[in-house]
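So the sequence lines, in the order shown, correspond to chains Y and Z. The opening position of the first sequence corresponds to residue 1 in this note's numbering, with each subsequent residue numbered one higher. The opening position of the second sequence corresponds to residue 668 in this note's numbering, with each subsequent residue numbered one higher. We treat Cβ as the ideally placed atom computed from N, Cα and C, and that holds for glycine. The structure displayed is predicted, hence computed values, not measured ones. As structure tokens, the structure follows; a few thoughts come after it.
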Amino acid sequence: MNPHLLIAIPLAPLIAAVIAGLAGRWIGRIGAHTLTIAGVALACGLSLYVLKQLYWGGVAAFNGPVYTWLVSDGVHIQVGFLIDRLTVLMMSVVTFVSLCVHVYTIGYMSDDPGYTRFFSYISLFTFAMLMLVMSNNFMQLFFGWEAVGVVSYLLIGFWYTRPSAIFANLKAFIVNRVGDFGFVIGIAAVFSFTHSLSYTSAFAAAPQIAQQTLPVFGGVNALTLICVCLFIGAMGKSAQVPLHVWLPDSMEGPTPISALIHAATMVTAGIFMVARMSPLFEHSDAALSFVLVIGATTAFFMGLLGVVNNDIKRVIAYSTLSQLGYMTAALGASAYSAAIFHLMTHAFFKALLFLAAGSVIIGMHHEQDMRKMGGLAKYMPVTAVTCWIGGLALVATPFFSGFYSKDAIIEAVGLTHRWGGTYAYWCVLLGAFVTSLYTFRLLFMTFHGKERFRDVAAGHGHGHDAHDAHGGHGVHEPHESPWVVTVPLIALAIPSVLIGYFTVGKVLYGTYFGSAIEVLPQHDVLARLAADYHGPAALALEGFTGLPFWFALAGLVTAWLFVLKRPDWADAAAVKFAWLKRILDQKFYFDWFNEQVLARASRAVGTGLWKVGDQGLIDGGMVNGTAASVGWFGGVVRRVQSGYLYSYAFWIVIGLAALLGWFLVHA
Amino acid sequence: MHDHLLSLLIWLPIAAGIAVLLLGERNIVAGRWLALAASLVALALCVPLMRDFDTHTAAMQFIEKAAWIPRFQAYYALGVDGISMPLVVLTALMTIPVVIAGWQVIDKRPAQYYAAFLIMEGLMIGVFSATDALLFYFFWEAMLIPMFLIIGIWGGPRRVYATIKFFLYTFLGSVFMLAALIYMYVKAGNYSIASFQSLPLTLTEQRWIFAAFLLAFAVKVPMWPVHTWLPDAHVEAPTGGSVILAAIMLKMGGYGFLRFSLPIVPDACRELDGLMITLSLIAVIYIGFVALVQQDMKKLIAYSSIAHMGFVTLGAFLVYAIVRTTGITTGAGMGMDGAMVQMVSHGLISGALFLCVGVLYDRMHSRQIADYGGVVNTMPVFAGFMVLFALANTGLPGTSGFVGEFLVILASFKASFWYAALAAVTLILGAGYTLWLVKRVVFGPIANEHVAELHDINGREFLILGVLALAVLLLGVWPEPLLKVMEPSIQHLVSQAAATKIPV
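Right, dumping it as structure tokens:
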């Protein structure tokens, strides 16, 4: 493969981002979006070309350096690419979703003063994400890892005058840094065993590292420590419990960002990383159990939070957390392909759901509260239909793309013999009910039933005329969005329906990944599933009889009952189970703990060390104490130097006597 | 010219400084331009220094030697190797933004102001290029005088307290170093640093010398618990003073450890490396927490400097723990590489951050974080720079701040899991205190009418911040040229540090 072509893929969005960012004032809005879209389109086209070459063209995977970053102590740390089928799949998904989001942004951000800056950021993000997935070494992986984090930081705080946005972006960065803390230790651990940062040498050394023990925490398996540390990084980036707290708040950013970064691509970096590191993780059952339990916990419990939220974007955000949990659980069950497959299908339908939600928000004049919506299907047909498609894919309706990926995950988790497997299975199975419940609740509340926005508008109209004039809620009805918004919705709806059907045989049960993902034979649950695989149609028909389908159906019925048929039941339930509702409203008290305990404790420690340590003991005791004693000594000496001749004469005599005495004694 | 390149680098700025002084306050326009020209010529002189530097040898290059005080076998001996050359270039580079930053801002005795910085530039380059210990000591102490004056004359309201604290702290440490140097002169018969490095010393002698060096260098770095002069000095110093203090002066401590402590008293270092590593990690964590609660921007960046310098001393002293854990020195060079890169990088980043604070201070005359908020609304270009440098300060990959920290963390894992884990805490704390500062100062709605009246940076300010931003990014994206310069000297240093000098 031509390395120059590969270099062009991340470079095109980078150059576009730099020009749009620095020269946005001169090239203008049209110049900025034309340039960045061209850059991402080029990257997308080339990625698809590489995909074609690798899969149909029979071209071998590429693994080579681009340039030497540095040589230290004989270690060559290089920037380089590893382009195999796993990489190219990620590249294609990332650039395709990014392209859709770029186009959509033209419409969504059309009246924003930060228009060119926004395009610069999302192109920069595409560059960073590509560097992350294309890397062939840990240094560059960490570069991409942190770079996507920074762009995420900048984008969550895009509307920097909003206090909630700049709180959310600081929180996102710091929580991610907690994950990166583990990640960097993991990288250093790999380095200490292989004296190299390249994937190849780490993978080759994995079985041998697995035999060693590190003398920490009473002696732990070296590879387990490495894998757990790396996974802590993934927990930050892919928002797994307890490092998930930043993702719901990240919805403070503009909606295209929620779709691109906080649903489809960046948050899946952790999933991708673990799959990439499968040759390491496969040799540590303990680490994989940890992954499995964390993932399953996230899948179920974060889904629950989606059920009680009323902000359309936050519901989808909790859904993202839950789906990331599914992917993580799949990794923990050694079903890496299933995780990546779900990552792919999820990228399409979740980006679709977010962009549809964004379309609703535009249509509702920047209203995000679902309690003020209802009956929108009549006014926004394209948005409603595409959103339904996304929802049906999300709840794993047979034949939709989400079905093929999620069903495989639930089955795979059910088959694994790993510690924690039974717990994980119940989590992901019950998760199917929860997913369906919050999804249909969202669809019903938004698009069907009573047109509650009229009550709101009327209510506003009576009491707050002045506010109404510029509040934007006016009497005007919701409207369908312009074509730059709906075309990306349609573009994403197509793969949301079809991509599972057409690729499941190859990606999940076939040989698509080949040697890109390593699974030890005794862990290979997907191979057991593949034995029962007889084509996508048969699989989907079989899906109608499976347990997950009935759980999802139960979710649909429940949502219909509580939202459309008997809304009063929902209120009654909220009263009856007030304790449960409080726990869910408080999001299991994670934020409370972080803000009231951890953040306060950090500031208290800082203040304590500063006031007591620096100012009290060091300055007060040592420094100024020394100064004080010098002052005292100076006072004594000053008294000696009185300036009186007789006094000096007296001291001279004393001194002479002392000297003479000393000589006499020693002579 | 090559025969006297280092002399030119030292004496040209000093001569220019004296000339500015002689021109006096009345001819300040000419003096200002002369100062700028001299600092630019000094940087231009670094071009042949870098171009003709032989990256294949650990030996001193561009050497000069002339009799100085024959009675004491003290020579005017200069030379640079891979450890000192980057620091010489850094010094020449960082003086330029200081000159430009003072352009329209300093109205009190500007001629003396420029003269002080130019003279200091020459003296600091002298510190890094002296190969004779007495000459080194001469530059080392002489350098204090202009800095003392800069803080004392152009400083803030509590400048007298700060200058005296600064002077006593640094002077007290140095006196013991002088005693150690004289002791070794008596044994070796001359003041050549190279002969000190090959001088056999018993463990007891080494311990005493180590302690003397530690006092001198730890104060300069500064290491916990002799760091409290730095926040005070920074807060009171004018912007230029803070920049030079953070960017260059602190590096002298790190340079001292690499040039004197490790090669001259390796056995004492081996014995006491636990102390050094502990103090370094305290700097990273303790100081990180203290930085978190600062209310004054300059104090916050000053504490951040101490935490970052912790990586320098950590990386420098990893060698012994690595040998103890793995039996070989592999990885020790990476720690020292990391320490060196961290010094250069911190010079750029902290200098830039102090310049940023200076830009705000010139407009608002306040360093209190609480007086700001929403600066991005009125100063978008400035905000872009400030966010970039803040991110670099958090060690973001792609900026120079990452390289040194990354190398030190990689190397420290070879020594001990706990060293790496504790050092890596900086990822969290560094992000915490730096970005919280950014949140409170840069982002948010416009906090008050003063912020609303701010005007964005002018061309002069754009130029200096832009050049530093480029340097920070370039070093982050491609650090290899710097590493290549250092490699042979670092390898030589590792072998010196790992050897024993106890006579048998």
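- Proximity to Z:Tyr781 across Z:Val766, Z:Met791, Z:Leu790 peaks at Z:Val766, based on C-alpha coordinates.
- For Z:Ala878, no CB of chain Y lies under 8 Å from its own CB, so it is not counted at the interface with that chain.
- Close CB contacts of Z:Val1070 within its chain, under the 6 Å cut and outside five residues either way in sequence, are with Val1008, Pro1146 (chain order).
- Of all residues in the stretch 293 to 324 of chain Y, none places a beta-carbon less than 9 Å from a beta-carbon of chain Z.
- In the three-state reduction of the DSSP assignment, Y:His262 falls in the helix class.
- Put simply, the CB of Z:Glu872 is far from chain Y, with every gap to its CB atoms at 8 Å or more.
- Taking the CA atoms as reference points, Y:Thr386 sits about 8 Å from Y:Leu353.
- For the stretch 986 to 1014 of chain Z, the beta-carbon criterion of a distance under 7 Å to any beta-carbon of chain Y is satisfied by Thr997, Gly998, Gly1000, Met1001, Asp1004.
- At a cut-off of 8 Å, the C-beta of Z:Val960 has a neighbouring C-beta in chain Y.
- By the CB criterion at 8 Å, Y:Val497 and Y:Phe400 fall inside the cutoff.
- Taking 8 Å as the threshold, the shortest C-beta distance from Z:Leu1074 to chain Y falls below it.
- Within the stretch 155 to 186 of chain Y, Gly157, Tyr160, Thr161, Pro163, Ile166, Leu170, Phe173, Ile174, Arg177, Val178, Asp180, Phe181, Val184, Ile185 place their CB atoms closer than 7 Å to a CB of chain Z, listed in sequence order.
- The beta carbon of Z:Val1092 sits closer than 8 Å to some beta carbon of chain Y.
- Contact between Y:Phe348 and Y:Ala287 does not hold, since their C-beta atoms are separated by about 30 Å, which reaches or exceeds 8 Å.
- When DSSP states are grouped into helix, strand and coil, Y:Glu282 belongs to the coil group.
- Distance from the Cα of Y:Thr446 is smallest, within the candidate group Y:Tyr379, Y:Ser120, Y:Leu35, for Y:Tyr379.
- In the structure shown, Y:Ile517 falls within a coil segment according to DSSP collapsed to helix, strand and coil.
- Interface flag for Z:Leu1102 against chain Y is set, since a Cβ pair is found closer than 8 Å.
- Contact of Z:Ile1036 with chain Y is not assigned, every C-beta pair being separated by 8 Å or more.
- For the stretch 70 to 83 of chain Y, the beta-carbon criterion of a distance under 8 Å to any beta-carbon of chain Z is satisfied by Leu70, Val71, Ser72, Asp73, Gly74, Val75.
- In the DSSP assignment, Z:Tyr780 falls within the unbroken alpha helix (DSSP H) covering 777 to 796.
- Inter-residue distance for Y:Tyr121 and Z:Pro764 is about 29 Å (C-alpha atoms, whole angstroms).
- Look at Z:Tyr953: its C-beta is under 8 Å from a C-beta on chain Y.
- By the rule that beta-carbons nearer than 8 Å mark a contact, Z:Asn1044 touches chain Y.
- Interface with chain Z (8 Å Cβ-Cβ cutoff): Y:Gly236 is excluded.
- Judged by beta-carbon spacing, Y:Leu520 lies beyond the 8 Å limit of Y:Gly421, meaning their Cβ atoms are not closer than that value.
- In the DSSP assignment, Y:Phe349 falls within the unbroken alpha helix (DSSP H) covering 336 to 363.
- Cβ contact annotation for Z:Leu690 (same chain, cutoff 6 Å, sequence separation greater than five): Ala697, Gly698, in chain order.
- The C-alpha of Y:Met90 lies about 52 Å from the C-alpha of Z:Ala904.
- Pairing Y:Val148 with Y:Ala128 gives a Cβ-Cβ distance under 8 Å.
- Excluding residues up to 5 positions away in sequence, Ala234, Lys237, Ser238 lie with their Cβ nearer than 6 Å to the Cβ of Y:Gly270 in the same chain.
- Contact between Y:Phe158 and Y:Gly114 holds, with the beta-carbon distance rounding to 6 Å and staying under 8 Å.
- Within the stretch 593 to 613 of chain Y, the residues whose Cβ lies closer than 8 Å to any Cβ of chain Z are, in chain order, Ser602, Arg603, Val605, Gly606, Thr607, Leu609, Trp610, Gly613.
- For Y:His448, no beta strand (DSSP E) encloses it, and the DSSP letter there is neither H nor E.
- Taking a contact to require three or more Cβ pairs closer than 8 Å, the stretch 320 to 338 of chain Y and the stretch 431 to 443 of chain Y qualify as touching.
- With the rule of 3 Cβ pairs closer than 8 Å, the stretch 67 to 86 of chain Y counts as touching the stretch 1134 to 1148 of chain Z.
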